[in-house]
Structure formats: structure tokens, C-alpha cells
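Chains as they are written, first to last, in the numbering used here: chain A, 121 to 347; chain B, 14 to 304; chain C, 14 to 291.
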Amino acid sequence: MPILSVQNLTKTYFVHEQERLVSTFKNLSFEVCAGESVVLSGPSGVGKSSILNCIYRTCLSDTGKILFTQRDQDQVDLIQLPDAGMLALRKSGDIGFVTQFLHSLPRKSSLEVVAQPLLKQGWKKEEALDAAADQLKLFMLRESLWNLSPSTFSGGERQRVNLARGMILQPRLLLLDEPTASLDQATSVKVMEHIMEVIKTQKMAVLSIFHDIDMIENFSDKVITVS
Amino acid sequence: MRHSLTQQDHFGFIDEYAKREVRRATLKAICIPGYQVPYSSREMPMGRGFGTGGLQLTLSMIGPTDTLKVIDQGSDESVNAENIKGFVQQVCSGVHVTNKATEASIVQTRHRIPEAPMSEGQILVFQVPYPDSLVVVEASESKRRVMHSEADYAKLWVKLYEDIVRYGEITISHRYPTEIHGGYVIDPSPIPRYDTARLHQSPVIHLFGAGREKKIYAVPPYTDAKPLAFEDHAFRVESFLDQDGEQASCSVCGAKGVYFDEHYTDDGVVQYKCSDTDFCLQNLTNQKNGQ
Amino acid sequence: MANKVLEVNNVKKVYGSECPDCLQSTGPEHASNICPSCGSIVALGGVSFDLHANECLGIVGESGSGKSTLVKSLYFDQSVTSGKAWFTDQQGERIDLFAQHAAQQRWLRNNRLGMVYQNPHIGLNFDFTVGGNIAERLLMGGSRNYAKIRSSVQSYLEKVEIPLARMDDMPADFSGGMQQRVQIAKALVTKPSLLFLDEVTTGLDLSVQARILDLILQLRYDLDVAMIVVTHDLGVVRLLADRTIVMKNGQVVEGGLTDQVLHDPQHKYTQRLISSEL
């Protein structure tokens, strides 16, 4: 059974100010299985990010189904799931989402930012910070930056902090929205190699958006073209 | 209009309607221990603040067969006590006055409880300046009434807490907030802590009259009276020690373990004297008779 | 799924004579919350929402939207005209909040609920020391052991990062941010299961705001407490709230997961509110 099965998904936005309906994708269907990296491709503005948002409930979907297979092999429709259920899936690390942006409080160190999902789960602070340090190491962030706030970082450093936070729970379904957009070629490849390794060993299902053609070719098991 | 007091005046000075109102308030106060019953305090031929609340209680209860004692800070001879005694004698023909606490049926007192043990049937009438224990933490009377009705005394407790923070102990010397019958917390009028402790399970009826504030409240006989205190900072009464740190004794009659007034001799030495003058005199008389 | 701490059902608060048209002619689709027929002010026009254990709910809206009225009603600072609010405490007892008499409400306020006001002069007693303010809630709950009270006050002051040396100072000697911290400690010291935060960071400068928000986040992880955060600042709900409801003219316009409401607002009013954020 695939971890994620999207069936006939449609999403439109209504802009009240302009009284205008903005349509994106229509009747979209695809699947993502455990240990699989699926990449969404298509021109800008076609609604690739909206797909990720619909799955993570950052957007509401119009019609269709988003079936997610839980740990106990029960399938739930993420569209029908109550808010509390969605929150629980996010908190438990069943579904993770790494966007291009990192929202964090000023004064918070990178370590604390990365440890946050663990703290939410009630981990002891020291243990959570240790785990965060391991993650930051894996994403090759200089140790001298660990105790600084990401708000002062370069785009690439901030993105790696964001990835480390997204990966710390090793979510069963990980959504990546241009995770390497601000990284140089060499770092992008290293980062993605690491993520791919974890996907394979931990049997994670990953759905991502890349703009770089090389990245799509090298780090995808399956490409879905959205039009 | 000038009013001169003559023997033709109404017995007890205040009219029967007013007496009835005070008696009703008194009965209610006894039925609800510690509850402040409002009443319409009458004009008395003396200024408010000189014991008009206590006097109205006394006058509404007293009859020709009663014996009255009046004390002011333990003294039978002070101006306030003498004047009240004189006035009551003027307006209540036949009433006896005495200095002996054990002989009196009614004792009107300002800020002391007589040392001599009193017994069932006797009535202690307190003159009260501030009837509400919560007045130190809440200015609005309507709010205080709600707080009393809900037994919400947390703010009073914070005062005690802050006393300990500042001074290491609760420093309230008189008007010590006291919980009556597990319910209302009263201001027992400015009696010392030594007397506050003696309200507990006493056989006497304690009536409190506040003339200016128009309130009557009571501690009935054999009622629990618990001064507020923390488990680890217990309530304690005043201790009087002489220069050697020993329990002090009265410089006149030699009594120990009673409430003293403090005096300094010309050489600057602390001397103690019984605050209750009648008690002191009795001791002296007994000693003489014994010799 | 987590238990519900609070179920608010169709709560109304009307100032005035109230006519049958009141609810239809006020609310988000209308110009104001004043009924054109009878002139009554509909402060709350039938508000419903749920809150789960350990959850943080944001309530956003502009001034006069009824968001503060809502939490103040739930904390018994104000009464409601009609509606129900069921509160489930730590022991699983289900309590009909608005049906409680005054003494029970006071008990609930002290032992089960906590409130942090925008204005520290409402939340704190400026005649008492900071420690005394926090101790007051314990004393109200019946604690009579001075040493124990002292030590729990200390531990909560530590939690909100106030130096213990300042424990016996007066609140007036504290900065605005510190006063809010004291309020938070005061609200939490009786271990409530539901905490209301009414515009707690409004009026504080940005760095102090950030530190207060950080503290609230930290306390959320450490303590077992559900929160309702009332604010007009979308940034505050973005950081604190799991779910958010948007209010206008006394009614709920829409609600959902906070990032969904901010990212994909459905209602015209919410879209305008979010596009006007600085």
C-alpha cells in the first residue's frame, strides 16, 4: 500500500478583492510509496506548491481524496480529517514539511530551532539539543553557527537549518518545497545524497519540488508532471 | 435645641424603636457568628469614635437590675470610662456600676478583656473603630461584602505573608484578624493578641458595636475563634520579659503572665504594670488580707 | 485523539434590549455589530469552538470584534446573554461554566483557569509584592504553609526568568515585559488546565515581545496546559497557535489550522486582514 495516494485532487483559489477564481491543478492523481522519492515538475504557477500545501493542510482542497496510510496501516483521508487529527499527524512526525522559508523567533539558537519538534513531543531539553546537533552535523552546518540565531544566516545556511528541523523526526511522509534553492550545486548534491540515504534506510516517502533539472534526474524515483 | 438630661428622660436614653432595632441586629449577629450586621446607628450625646457603638449596645440591653462595668484599655478610672459610666447612671435609674469584672452583668470595654475569669451569662461589649477585617486590603465596602460572603480572605493572607517576608514574623499587634466558627474573619477591635486568644471558646457573649461604621457583630459563647496564622508561623501572644530575660511581673502587685502596660522609670529601666487596674487592685487587697 | 478541554457553543452577548433581527442584521457581512432595528450592541453573536487538551487556539480580529469579550466571559469577568461553555478539568469532570454560582466561578478561576491580561494593572495587585501576588493564588487555594508557598512562588519565578532577588519588590518597580512575566507566573502557579492570554505582547517593544512569546512557547512544551491566545497580531498566532479562529463584529468568520488560515484564507475579511499585515 502506498503511503500517500492522491486521487482526483482539485484546488482553486478565490480572490475576493478581485472577485476572481484562480484555478490550479484539476483531477490530479498519483501515489508515493515507502522508500520512494517522487518529484513534482511543471512550469511555475501551475500549482506544485499548492499540492504540497493541500497535503499538509496549509491549503484547503476543493474535491478529491488524499489518502494517507498511518503506522497501523489504516488509511485516512487527510481532506476529511479534523484539524486535531492533522495536528496530531504533524506533531508525531508522520507528516513533515520543509518550505523555502524558515519562521523562527529572534534570539533562538539554531540548535533550539532544530530541536523544536522534539521539544513539542516532550523530550528533555539536553537530549533534544544533542539530537539537533547530530542533525546539524549531517547537514554540514559549521559548529560555530549552532548557537546563533538563523535569522542572521545566509540563505543557504538557513535552508540547511530548516532541512535539519524537517528531518529530525524522520517523518514517514516528507514534503520538500525547493529544499536546495539557495544552496550551491556541490552542497545541494551532498545534502540530497544524505536525504536520499535516509529515505532508503528509513523507508520514508518523499514528495518534492525541484527546479533544477539535474536534481530532478539524480534524486527522483518517479517524476509527476503537473500541467 | 438644647437637651438637658433629667431623671424624667426615657430609660436607656434611646427610644424603644431604636433599642428594638439594635436588639434585632444583636440577635442576628449572635446567630451568624462573625457576620457584620448593619444597623442605623443613632446620634448619641457624644462624638462618634468615643464608643457610641458600644454604648448603643449597652443601652439597648441594660435593665434596672443590671450591674455595669466600663473599662478603657483595662482602666476603670479613665475619662472615657468614667463618662460613659456617669451617663448610663444618669439615663438608667437603678443600674448599679461596679469595678469588679466578676460582679458585672455587662462589661463595656475599649480594647481590653478583663483579666479576671468571667462566666456564663456575662456580656462583653466592645467599642469598635473599624469593624471590617478586610478594610486593610479592599477599599470598596460592596466588594468586601462579596469577599466575606465567599470567604475570600486571600488578600488578608497575602498581608500576613508579606509581614513574614519583611519582618520574619506576623507583626500585627492589635486588631488581629480572627476566624470565627470556621467562617467569617473578624476584626476583633484593637484588643491585644493576648486578648484575641482569649476569645476562643469563652463562656461570655462578646458583642462588637461600631457606631461610626454602623455595624454590630458577635462572638457567641463557646465559639471557635482562630487567629489567622501559617502552619509554620504560628500565632503567638505578646511576651513580657524583664532585663534578665525572665518572665516579667507587675511592679505593683507582682502578677505574672497577664497583659502589662510598659513604663520607663526615671533611670530608663523598663517596668511593667497590670493593664487591668481592677485586677491589680484585687491582687493587692488579697495580699493585704492574707498578711 | 486528545480530549476536549473546552466546548463553546453558540455564546451570545448582547448589550441592549435585543430584538429578533439582532443576529441577522449584524455580524461579518454587515457594517457593524450594532443592530439597526433596536440599537443593541451584539458583542458576541453566537460563537462556537472547541479546544483540545494541550492545544493552543488563536483568536484574531480587529478591535471590537468581540475576541476579548469572549475570553473575559469564559474567565467570568463578564457575563453572557446565552450559550454554553463546557469545561473539562484534569480529573475529567465536565463543568457547565456559565451555570456556576459566584463562589464556584471564583474557585474555577483560581484553581482551574488562568488569565494574563494586556494591562498588568488588572492582572496584578500593585499594593502587593511580586511574590505576594503569586502567593495570593496559592493562599486562595488554601495553602497555609509559608515555606511551601515561598518555594513554589520561587520555582514559578524561575520558570518565567525573573531573578529571585526581585521576588519581594513591588510590581510598579518592574518593566512592562517583566510585569507580563509575573502575570504569567501568577496565572500558572495553581497549575491550571486552561490559560487565557489576552493581547499579552501588545504595547511591548519588539525584542521584549519576542522574549515573552518564546517563554510562552517554552511553557507550552513544559506544562500540561491548553491556551487561548487573543491578539490582533497575526505574527503572534503564527508562532503560538495550532489553530486559529478569525472574528469580526462578534462572530467567527472562519477557523482552521493556523498556517492554513494565514496561507489560504477563505473569507473575504480574512483575505483582507492578511493582505494588510505589515
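The C-beta atom is built at its ideal place from N, Cα and C for all residues, glycine as well.
For clarity, every value in this text was computed on a predicted model and none was experimentally measured.
For chain A, none of the residues of the stretch 86-102 of chain C brings a beta carbon within less than 7 Å of one of its beta carbons. Less than 7 Å separates the beta-carbon of residue 24 of chain C from that of residue 93 of chain C. Listed by position along chain C, the residues whose Cβ is nearer than 7 Å to that of residue 245 of chain B are 158, 159, 160. Two segments are said to touch when three or more pairs of C-beta atoms, one from each, lie closer than 8 Å; by this definition the stretch 240-248 of chain C touches the stretch 67-78 of chain C. The C-beta separation of residue 124 of chain A from residue 132 of chain A comes to about 22 Å, leaving the pair out of contact by the 8 Å criterion.
Per the Cβ contact rule, the stretch 205-216 of chain C is not in contact with the stretch 190-204 of chain A (fewer than 3 Cβ pairs under 8 Å). The beta carbons of residue 240 of chain B and residue 209 of chain B sit closer together than 7 Å.
Counting along the chain, no alpha helix (DSSP H) covers residue 256 of chain C; the unbroken beta strand (DSSP E) around it starts and ends at 256-261. Secondary structure in the stretch 154-225 of chain B: the beta strand (DSSP E) runs of 3 residues or longer, each lying completely within the stretch, are 191-193, 218-223 in chain order. Taking a Cβ-Cβ threshold of 8 Å, the residues of chain A close to residue 224 of chain C are 227, in chain order. Taking 7 Å as the cut-off, the Cβ atoms of residue 239 of chain A and residue 130 of chain C do not count as close. In the structure shown, residue 96 of chain C falls within a strand segment according to DSSP collapsed to helix, strand and coil. In the displayed model, residue 288 of chain A falls within coil according to three-state DSSP, outside both helix and strand.
Within chain B, no residue has its beta carbon less than 8 Å from that of residue 128 of chain C; the closest one is some 16 Å off. Interface with chain C (7 Å Cβ-Cβ cutoff): residue 179 of chain A is included. Pairing residue 149 of chain A with residue 127 of chain A gives a Cβ-Cβ distance under 7 Å. Taking the Cα positions, residue 216 of chain B is about 16 Å away from residue 139 of chain B. Interface criterion met: the Cβ of residue 239 of chain A is under 7 Å from a Cβ in chain C.
The bridge partners DSSP lists for residue 143 of chain A are A:132.
A distance below 7 Å separates the beta carbons of residue 346 of chain A and residue 168 of chain A. By the Cβ criterion, the stretch 25-32 of chain B is not in contact with the stretch 168-186 of chain A, since fewer than three pairs of Cβ atoms, one from each stretch, lie closer than 8 Å. Residue 262 of chain B sits in a strand when the DSSP states are folded into three classes. Among the bridge pairs identified by DSSP, residue 246 of chain B is matched with B:243.
The contact set of residue 269 of chain C on chain A, defined by CB atoms closer than 9 Å, consists of 177, 180, 203 in chain order. Minimum Cα-Cα distance from residue 121 of chain B among the listed residues B:275, B:147, B:64, B:39 corresponds to B:64. Neighbourhood of residue 252 of chain C in chain A, by CB distance below 7 Å: 225, in chain order. The bridge partners DSSP lists for residue 345 of chain A are A:161. Under the 7 Å criterion on CB atoms, residue 181 of chain C is classed as interfacial with respect to chain B.
Chain B has no Cβ within less than 7 Å of the Cβ of residue 171 of chain C.
At least one CB atom of chain C sits nearer than 7 Å to the CB of residue 163 of chain B. Where residue 267 of chain C is concerned, the enclosing beta strand (DSSP E) starts and stops at 264-270. Interface flag for residue 193 of chain B against chain C is unset, since no Cβ pair is found closer than 7 Å. Neighbours of residue 136 of chain C in chain B, taken as residues at a C-beta separation under 9 Å, are lacking, since the least C-beta distance is about 15 Å. DSSP, read as helix, strand or coil, puts residue 271 of chain B in coil. Three or more Cβ pairs closer than 8 Å define a contact, and the stretch 104-117 of chain C falls short of that threshold against the stretch 277-288 of chain C.
Comparing alpha-carbon positions, the option among B:38, B:46, B:173 lying closest to residue 214 of chain B turns out to be B:46.
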